[in-house]
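In my numbering, the protein residues as written are 311 to 488.
All C-beta atoms, glycine included, are put in the ideal place defined by N, C-alpha and C.
Keep in mind that this is a model prediction, so the values were computed, not measured.
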């Protein structure tokens with residue numbers, strides 16, 4: 311969204327999409343205290359957030375089209391499995407910073423979240439299955455990005471506002487002229 315709408319709106323959309331997944335997961339974390347249908351409370355809370363991801367990616371109000379669900383998934387993770395979400399987000403940031411590709415960060419970090427959860431001490435192992443399903447869904451929703459990456463046509467992400475950086479560079483260059 312940042313590329314289409316600019317930095318301010320892009321970050322606002324990111325925050326709102328994140329909240330869309332965070333609120334149901336957090337509410338699940340706060341109010342679900344007993345196992346139900348064989349699922350522990352943490353997995354139930356994550357599934358509440360995962361429902362928001364599905365609604366975001368395949369909205370019936372938009373003809374079952376929508377976003378790729380990455381920001382909403384991050385929110386769902388923060389509400390139910392915060393250490394896993396923070397670990398996956400850190401991995402996402404590292405990959406994005408090294409390559410410049412948001413999509414590559416997403417299609418590597420989110421599918422690795424179940425692996426992170428599996429090896430994280432004290433983490434529910436039941437949540438690994440919905441995390442794996444989420445990881446697969448993110449890869450499937452990024453098919454077009456994967457094709458563009460393989461063709462070398464994917465757009466790179468730049469942290470900060472590119473226009474402001476260009477103006478600052480021009481101003482500095484003009485000041486340095488004799």
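**Message:** Extract the residue ranges of the alpha helix (DSSP H) inside the segment 429 to 460, only unbroken runs of 4 or more that lie entirely within it.
**Reply:** The DSSP assignment places 438 to 451 as complete runs of the alpha helix (DSSP H) inside the segment 429 to 460, in order along the chain (cut-off: 4 residues).
**Request:** In angstroms with no decimal places, state the Cα-to-Cα distance between residue 398 and residue 415.
**Result:** Rounded to whole angstroms, residue 398 and residue 415 show a C-alpha spacing of 10 Å.
**Request:** Tell me, please, which residues DSSP counts as bridged to residue 349.
**Result:** Note: residue 349 sits in a beta bridge opposite 346.
**Prompt:** With a CB to CB cut of under 6 Å and the five nearest residues on each side skipped, what residues in its chain are close to residue 382?
**Reply:** Same-chain partners within the cutoff: 327, 330, 331, 362, 363 and 366.
**Asked** Between residue 380 and residue 420, is the Cβ-Cβ spacing less than 8 Å?
**Response** Yes, the pair counts as a contact, with Cβ atoms nearer than the cut-off.
**Request:** Return the residue from the list 458, 323 and 356 that minimises the CA-CA distance to residue 444.
**Result:** If we check each option's Cα against that of residue 444, 356 comes out closest.
**Prompt:** For residue 413, does the three-state DSSP call read helix, strand or coil?
**Reply:** Helix at residue 413.
**Item:** Collapsed DSSP secondary structure at residue 475 in the structure displayed
**Value:** At residue 475, the pLDDT of 46 sits below 50, so the modelled position is not reliable; the number obtained from the coordinates is stated separately. In the displayed model, residue 475 falls within a helix according to three-state DSSP.
**Prompt:** Which residue or residues does DSSP assign as beta-bridge partners of residue 369?
**Reply:** Answer is 375, bridged to residue 369.
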